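Asks: Counting the sequence shown from 1 gives a position; my numbering is that position plus 794. Where is the CB? At the ideal position from N, CA and C, for every residue including glycine. All of these numbers come straight from a predicted model, not from anything done at the bench. Have a look at this one before I ask anything.
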Amino acid sequence: MNVDLSASPNVMWTSPMIARDGNCCGTVAPDNCLEFVITLHPNAIAVSFSIAAGAVPPGALFYQVDCGPPTPVGSPICLDGPGPHHLTFCKPGNNDNAFSIVSYSEPIVGSDITLNAGCEGFIYAQYYNEPSISWTSIGPGNPGDYDSYLSCTAGCDTTYVTAPSTGAPAFVDYLVCGSDIGDCNPNPICDTIRVNFVDPIQVDVTPAMSQICVGDPPVTLTANVTGGTGPFTYLWSNGATTSSTTALGGTHSVTVTDQGGCISATDSAVVIENPLPIVDAGPDQAMCDGVSATLNASGAVSYSWDNGVTDGVSFVQAVGTTTYTVTGTDANGCVNTDQVNVTVNPLPVVNAGTDQTVCDGATVTLSGSGAVTYAWDNGVTDGVSFVPPLGTTTYTVTGTDANGCVNTDQVDVLVNPLPVVDAGNDQTVCEGTTVVLSGSGAVSYTWDNG
């Protein structure tokens, strides 16, 4: 039976169920043999033969290639060149079996690998005689310095490499040595596999510390990742899963995991949410026209008033009520406002009455109007009569209204002196004589007794 294994140096062929009915190595006796004519790939160096299915014949089982020495079934045998090579298998009996023939190349090793910190991977070698295999690190450093990263250093064609969480070099070269699968080469066959180590993942949240005021927009926090291999996954303490998140007051942490998923990194940031200052513009104020007002705010560090007012500096407001708003800023830069009303009342229109002219000895009554209470100078009481002195006297009244606002007015009182009237000299006459009386010193005269 022809077996073509030329497509690859490492290939397996399995026969259909067949019976042993031929001769062995040219004999004519019925040895109950099978013969396979094998063509190999140029890089193949050995084959092995085994029973794949059917009842296994009893006793020791051997096969031969090109009528060479018997080889136990299942063990490889070295071959030289692509052939064809004649493989025979003989055993009494003629039961049906399926048979497998496998060709092997010289040993080969797997590709270089890259591991993230804390992760595990494997490196392997194929077509070695497995018990002969040894693994050891050859660089950096001294041979064997990094053998502790390996799960197996001898007798294994596959060994697992565990990357430490921290402290790994950029790479480690591992040397694998051993004999080929058929011991065809008398010398050990060695090769090197490089394991690259990725720096462990680290995360730094910025800004690490920030301050805002109550009511401000949230702070944007960003997780800055170094090391590891992307894409990265993020999980913030507020549930966000992106590289940035927004946050108000408190401590906010993020855990970042790289593509390897073996270790993660955590960092946090603090956002201080400062309360707003309790700004007090002071109590509402009321005053009279012409009186200055001074506004003094409290509860913050600096203050700014509207309407051109400066904190602590007096000013004069027009009549009416004006609302002033103060903006206070505290040491943290937080801002709040308050308001105060300033009412300026008009002065009362006080009237002292009309000027008066009287004669000496006459009483005068002065009464103010336009306010609520009145105070006169010169000892005068509002509405109470008095005798003014001769001449012209100016009297000032001070009137106070219900708001306590004060105004004044004046009135002149002229007191004329009495005339010096002369009735003439006394007269003595006889009865029946006519008498003429003539007054002087005045303008008009009125006599008694008719």
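Spell out the partners DSSP gives Thr808 in its beta bridges.
Replies: DSSP, once it has assigned bridges, lists Ser894 as partnering Thr808.
Asks: Closer than 8 angstroms is the cut-off here; do at least three beta carbon pairs connect the segment 828 to 844 with the segment 896 to 910?
Replies: Yes: at least three Cβ pairs fall under 8 angstroms.
Asks: From the DSSP secondary-structure annotation, give me the bridge partner or partners of His1046.
Replies: Ala1063, per the DSSP bridge assignment.
Asks: Rounded to whole angstroms, what's the CA-CA distance from Gly1244 to Glu1225? Just pull it up for me.
Replies: Each residue's alpha carbon lies about 18 angstroms from the other.
Asks: Extract the residue ranges of the beta strand (DSSP E) inside the segment 881 to 951, only unbroken runs of 3 or more that lie entirely within it.
Replies: Entirely contained in the segment 881 to 951, the beta strand (DSSP E) runs reaching 3 residues are, in chain order, 890 to 899, 907 to 909, 914 to 920 and 928 to 933.
Asks: From the DSSP output, which residues share a beta bridge with Cys984?
Replies: DSSP output for Cys984 lists Cys971 as bridge partner(s).
Asks: From the DSSP output, which residues share a beta bridge with His879?
Replies: Looking at the DSSP assignment, His879 forms a beta bridge with Ile832.
Asks: Which residues does DSSP list as the beta-bridge partners of Ser1108?
Replies: DSSP output for Ser1108 lists no bridge partner at all.
Asks: Could you give the DSSP three-state label for Ala1075: helix, strand or coil?
Replies: Note: Ala1075 maps to coil in three-state DSSP.
Asks: Is it a yes or a no for the segment 1011 to 1030 touching the segment 1085 to 1097, going by three-plus beta-carbon pairs under 8 angstroms?
Replies: They do not touch, by the three-pair rule.
Asks: Alpha carbon to alpha carbon, how far is Tyr1118 from Phe1180?
Replies: Distance between the alpha carbons of Tyr1118 and Phe1180 is about 50 angstroms.
Asks: For Ala801, which of Asp1216, Ile812, His835 and Val1178 has the nearest alpha-carbon?
Replies: Nearest of Asp1216, Ile812, His835 and Val1178 to Ala801, Cα basis: His835.
Asks: Based on DSSP bridge pairs, tell me the residues matched to Ala813.
Replies: Answer is Asp890.
Asks: Per DSSP, what are the beta-bridge partners of Asn1243 in this structure?
Replies: Answer is none; Asn1243 lacks a bridge partner.
Asks: With a threshold of 16 other CB atoms inside 10 Å of the CB of Cys1128, please say whether the residue is buried or exposed.
Replies: Buried, because 16 or more other Cβ atoms sit within 10 Å of the Cβ of Cys1128.
Asks: Between Val1207 and Thr1187, how many whole angstroms is the CB-CB distance? I'm expecting something under 8 angstroms.
Replies: About 5 angstroms separates the two Cβ atoms, so the contact holds.
Asks: Once you ignore the five residues that flank Gly1024 on each side, which residues in its own chain have a CB closer than 8 angstroms to its CB?
Replies: For Gly1024, where only same-chain residues beyond five positions count, the Cβ hits under 8 angstroms are Asp1052 and Gln1053.
Asks: Tell me, please, whether the segment 1127 to 1147 touches the segment 1067 to 1075 by the rule of three or more beta-carbon pairs shorter than 8 angstroms.
Replies: Contact holds: three or more Cβ-Cβ distances are below 8 angstroms.
Asks: Looking only at C-alpha atoms, which of Cys1153, Pro901, Gly976 and Asn891 sits nearest to Thr986?
Replies: Checking every option, the nearest Cα to that of Thr986 belongs to Pro901.
Asks: Buried or exposed for Leu1015, please, with buried defined as at least 16 other CB atoms from any protein chain shown within 10 angstroms of its CB.
Replies: Buried, since its Cβ has 16 or more Cβ neighbours within 10 Å.
Asks: Please name the residue, chosen from Ala1217, Asp974, Gly1021 and Leu969, that lies closest to Pro994 on a Cα-to-Cα basis.
Replies: Minimum Cα distance to Pro994 is reached at Gly1021.
Asks: What's the gap between the Cα of Ser1178 and the Cα of Ala1156?
Replies: Residue identity differs from the one stated: residue 1178 is Val in this sequence, not Ser. Their backbone Cα atoms lie some 13 angstroms apart in a straight line.
Asks: Taking the alpha-carbon positions, what's the Ile845 to Cys984 distance?
Replies: Taking the straight line joining both Cα atoms gives about 32 angstroms.
Asks: Assuming Val1138 and Gly1173 make a contact with CB atoms under 8 angstroms, what is their CB distance in whole Å?
Replies: Wrong, their Cβ atoms sit about 34 angstroms apart, outside the cutoff.
Asks: With three or more beta-carbon pairs closer than 8 angstroms as the criterion, would you say the segment 864 to 881 touches the segment 948 to 963?
Replies: No, they do not touch.
Asks: For Ala1196, count neighbouring C-beta atoms within 10 Å of its own C-beta (all shown protein chains included) and say buried if the count is 16 or more, exposed if not.
Replies: By the neighbour-count rule (16 or more Cβ atoms within 10 Å), Ala1196 is not buried but exposed.
Asks: Closer than 8 angstroms is the cut-off here; do at least three beta carbon pairs connect the segment 852 to 860 with the segment 876 to 895?
Replies: With a cut-off of 8 angstroms, the segment 876 to 895 and the segment 852 to 860 count as touching, because enough Cβ pairs lie within range.
Asks: Mapping DSSP to helix, strand and coil, what is Cys872?
Replies: Strand.
Asks: Note down the Cα distance separating Pro980 from Val1050, rounded to an integer number of angstroms.
Replies: Each residue's Cα considered, the two are about 52 angstroms apart.
Asks: So, using beta-carbon positions, are Ile907 and Val992 closer together than 7 angstroms?
Replies: For Ile907 and Val992, no; Cβs fall outside 7 angstroms.
Asks: Contact defined as beta carbons within less than 8 angstroms: I believe Ala1059 pairs with Val997. What is the distance between those atoms, to the nearest angstrom?
Replies: With a Cβ gap of about 4 angstroms, Ala1059 and Val997 count as contacting.
Asks: Can you give me the Cβ contacts of Asn888 inside the same chain, cut-off strictly under 8 angstroms, excluding the 5 residues immediately before and after it?
Replies: Correct list, in chain order: Ala813, Arg814, Asp815 and Asn826.
Asks: Could you tell me how far apart the beta carbons of Leu1184 and Asp1149 are, in whole angstroms, since I believe they sit closer than 8 angstroms?
Replies: No, Leu1184 and Asp1149 are not in contact; Cβ-Cβ is about 16 angstroms, not under 8 angstroms.
Asks: Determine the closest residue to Asn1210 out of Tyr1168, Thr1151 and Asp1100, with distance taken between C-alpha atoms.
Replies: Comparing Cα-Cα distances from Asn1210 to each of Tyr1168, Thr1151 and Asp1100, the minimum goes to Thr1151.
Asks: Give a single yes or no on whether Leu1089 has its beta carbon closer than 6 angstroms to a heavy atom of the ligand HEM.
Replies: Within the structure as shown, the ligand HEM is missing, as the structure has no ligands at all.
Asks: If you drop the 5 nearest sequence neighbours on each side, which residues of the same chain put their C-beta closer than 7 angstroms to that of Val1158?
Replies: Excluding sequence neighbours, Val1158 sits near Gln1150, Val1152, Ser1179, Phe1180, Pro1182 and Val1207.
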